[in-house]
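Reading through the C-alpha cells given below for one structure.
Protein chains: 2
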Amino acid sequence: MKSAAKATQAEDSTDTSAQLIRDSIREAIVERRLSPGTKLSENDVGNLFNVSRTLARAALQALSYEGLVSVEKNRGAFVAYPSPDEARQIFAARRLVEPGILREAAARMTPGDISQLKQLLLEEGRLMSERGQTARRAEIKASGDFHLRLAEISGNAIMQRFMEELVARSSLVIALYGQSTVSSCGHSEHGDIIAAIENDELDRACRLMLHHIAHIEADLDLRERKSLGLKEAFEL
Amino acid sequence: MKSAAKATQAEDSTDTSAQLIRDSIREAIVERRLSPGTKLSENDVGNLFNVSRTLARAALQALSYEGLVSVEKNRGAFVAYPSPDEARQIFAARRLVEPGILREAAARMTPGDISQLKQLLLEEGRLMSERGQTARRAEIKASGDFHLRLAEISGNAIMQRFMEELVARSSLVIALYGQSTVSSCGHSEHGDIIAAIENDELDRACRLMLHHIAHIEADLDLRERKSLGLKEAFEL
DNA sequence: GCCGATCGAATTGTATACGATCATTTGCAC
DNA sequence: GTGCAAATGATCGTATACAATTCGATCGGC
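Protein chains in written order, with the working numbering: chain P, 1 to 236; chain Z, 237 to 472.
What follows is the structure, encoded as C-alpha cells:
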C-alpha cells in the first residue's frame, strides 16, 4: 500500500534485513513514536529486531545519511535533534523543490492519479476527526504522503527520494518546534492544490503549495531552546 | 581546499575511516578514474585501504545510497551504470533545483564570493588549455565545483549535499553517454552566469543556467546501449 | 560537605569467522 | 563436439569477538 514498500518490492525484493530495520525505525520517527534526542543503542536496536549489532549499525548509519539520526563518534546514535537553523534549511529546500515537483507531476497526472490523491485526502480527513494516538499518527503520515505522492507522480525517482528525506525531517522539526496541537498540515490546503491542478491553474497551484509550506513553517517556534534544564525550568 | 574535506573537518574531525574511504572512491568516480560498471569487491577495497571488509562494506553502502555504486545482492558492488532514463532524471532534477539555488546564492553572495568564483573559472580555463590526463581530471572536477560552490554559497547544507550527489552522478552519466571529447561543461557559460549575477540580472542568470544544463545534456547520446558485447560490436 | 581523580561498566570501532549464495569450470553423457 | 549437471572457488550476508573509548560512580582530599 505505501509507496516505499511497493517500490522496493517491485525492484527485486532484494531487501536486506538492514533496510527493513531502517524502514521500521524511520517510520517510527516519522510517526513520532520516537522523539528527537532518543538514544538508539546498537545493542538495543539489534535485540529489538533480533539481529546482531552489525545489521543494527548498518541501519543506523543509513538513517544517519538521511539526516534522521545523528551518530556521534564513540557516543552512539540518537534520533536527530534538528537545530532551528537546520529546520529553516529543510523548509527552504521544500519551498525550492516542491513547486517544481508539482509542475512536473501536474504535467504527467492522469485522471487515475487525481482520484487516488482525492482518496488520500478523504482518508486524511477521516483520520483528523478521529480520536486517539493511533489516529493521530496515521494522520501525520497521511499528510506527508500527499507530498510524497506528488513526487512519485512526477516520475523522477531522484526527486522522490529527496522529498522522502525532506518530509521525514519535517516531521522531526514539527515534533520539536510545532506549537498548535493541530498536527502537521492544514488539511484543506491539500484539497485546494488538487482543485487548482484539476482546473489547469498551474501557477495558482504552485502559489498554493508555497503558501501551504509557509503555513506549516509559520506554526513553528524556531527559537533556540538551550538545554532548558536549568533554573529557567523553574522560574516560571 | 576542497569544500567537502573542509566541511567534515570543521564538523568535529569525527571522520571514521569508512567515510575517508567513501570520499576517496567518490573522488575516483567523479574524476572518472573508475569507469561505470567496474566491480568494487569488498575484499579488494579493504585491501587497497588496509582495512577489513567491515569498513569497506560500510563505504560501499554509503556510496550506494548516493547512487554512485549499485550493490547487487550476493553479487557485489559496482560503479553505477546509470540507464538513459536515470540520466534524464538526473538532469531533470538539476533543471529543477539549480535555478532556485542560483537565486538563493545570488541573494547572499558577497564580493568575496564573486571573486572566488571568478578565480575558480580562471583555474578552469587554465586546465582546459593544458594537456594530459591529470589536467583533464582536474578540469572535470573544477567544472563541477562551480555548481557546488554556488550551492555552498546559498547557505543551505541540505541543498548542497543534494547537489553534490547530482554533480557526481552527472559525471558518471557524461562518462557513459558523453559524445564530444570536450569535457563536461561549456566553460564560457559559467562565466556568463557570473556576469549576469554581477549585473543583478537574476532572471537572465537563471535562464543561462537552464541553457547551460540543457547544453550539457544535449551533448549526450542517451540511447539504450544494450550489452553491445554481441555481433553488433563487429558488424561495424 | 563539596570537588576532583581514579576505577569499572557499558558502548562503540574494527576485525575475524562461518554459513550461504552465485559464477565458473570440470566432467560426463549423448 | 555439444550440452547439461555437479563440484569448486570466490564473494557476500551475518554473527561474534576483542580493542578502544566514553560515561558514571566510588573514593580520597580539601
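Built from N, CA and C at the ideal position, the CB exists for glycine as well.
Proximity test, Cβ basis, 9 Å: residue i and chain P
i: Z/Val333; result: yes
i: Z/Ala243; result: Its pLDDT being 36, under 50, Z/Ala243 is placed unreliably in this model, and the value from its coordinates should be taken loosely. Z/Ala243 does not count as touching chain P.
i: Z/Tyr301; result: yes
i: Z/Ala328; result: yes
i: Z/Glu263; result: no
i: Z/Glu460; result: no
i: Z/Asp248; result: Only weak support exists for where Z/Asp248 lies, its pLDDT of 41 falling under 50; the value from the coordinates is given anyway. Closer than 9 Å: yes.
Closer than 8 Å: residue i CB and nearest the ligand COA heavy atom
i: P/Ala62; result: The ligand COA is not part of this structure, which contains no ligands at all.
Beta carbon proximity, residue i to chain Z, threshold 9 Å
i: P/Thr110; result: no
i: P/Leu20; result: no
i: P/Glu86; result: yes
i: P/Gly155; result: yes
i: P/Glu124; result: no
i: P/Ala4; result: Bear in mind that the predicted position of P/Ala4 carries a pLDDT of just 38, short of 50, making it unreliable; the figure below should be weighed with that in mind. No - not a single Cβ of chain Z is within 9 Å of the one on P/Ala4.
i: P/Ile216; result: no
i: P/Gly100; result: yes
i: P/Leu220; result: no
i: P/Leu166; result: yes
i: P/Glu104; result: yes
i: P/Gln89; result: yes
i: P/Lys118; result: no
i: P/Phe78; result: no
Nearest-angstrom Cβ-Cβ length linking residue i and residue j, presumed shorter than 8 Å
i: P/Pro36; j: P/Tyr81; result: 4 Å
i: P/Leu121; j: P/Ile213; result: At roughly 17 Å, the Cβ-Cβ gap does not stay under 8 Å, so P/Leu121 and P/Ile213 are not in contact.
i: Z/Gly380; j: Z/Val409; result: Wrong, their Cβ atoms sit about 12 Å apart, outside the cutoff.
i: P/Phe146; j: P/His190; result: 5 Å
i: P/Val69; j: P/Val79; result: 6 Å
i: P/Arg223; j: P/Pro84; result: 7 Å
i: Z/Ala294; j: P/Gln19; result: Between P/Gln19 and Z/Ala294 the Cβ distance is about 15 Å, and since that is not below 8 Å, they are no contact.
i: Z/Leu363; j: Z/Ala371; result: 5 Å
i: Z/Leu299; j: Z/Ile337; result: Wrong, their Cβ atoms sit about 23 Å apart, outside the cutoff.
i: Z/Gly303; j: Z/Arg440; result: With 8 Å as the limit, Z/Gly303 and Z/Arg440 do not qualify as a contact, their Cβ atoms being about 32 Å apart.
i: P/Leu208; j: P/Ala196; result: 6 Å
i: P/Thr156; j: Z/Ala329; result: For the sequence presented, residue 156 of chain P should be read as Asn rather than Thr. About 6 Å separates the two Cβ atoms, so the contact holds.
i: P/Glu139; j: P/Glu124; result: 6 Å
i: P/Gln160; j: P/Asp219; result: Not really, about 26 Å apart at Cβ, beyond 8 Å.
i: Z/Ile257; j: Z/Leu291; result: 6 Å
i: P/Arg32; j: P/Ala175; result: 5 Å
i: P/Leu96; j: Z/Val333; result: 6 Å
i: P/Ser24; j: P/Gly76; result: Wrong, their Cβ atoms sit about 19 Å apart, outside the cutoff.
Which of helix, strand or coil DSSP assigns to residue i
i: P/Glu130; result: coil
i: Z/Ser306; result: strand
i: P/Val30; result: helix
i: P/Leu40; result: strand
i: P/Leu220; result: strand
i: Z/Ser253; result: helix
i: Z/Ser271; result: coil
i: P/Asn47; result: helix
Inset, instruction - Output the residue ranges of the alpha helix (DSSP H) runs that lie fully inside the segment 155-218 of chain P and measure 4 residues or longer, sorted by chain position. - result: Listed in chain order, they are 157-177, 187-198 and 202-218.
Inset, instruction - Could I get the ranges of all uninterrupted alpha helix (DSSP H) runs contained in the segment 288-335 of chain Z, with 4 residues as the minimum, in chain order? - result: For the segment 288-335 of chain Z, whole alpha helix (DSSP H) runs of length 4 or above, ordered along the chain, are 289-302.
Legend entry - Residues within the segment 272-301 of chain Z neighbouring chain P, beta-carbon criterion of under 9 Å: For the segment 272-301 of chain Z, which is checked against every Cβ of chain P, the residues closer than 9 Å are Thr290, Arg293, Ala294, Gln297, Ala298 and Tyr301.
Legend entry - Contact list for the segment 367-399 of chain Z against chain P, Cβ threshold 7 Å: Within the segment 367-399 of chain Z, contact with chain P at the beta-carbon level (separation under 7 Å) is assigned to Asn392, Ala393, Ile394, Met395 and Phe398.
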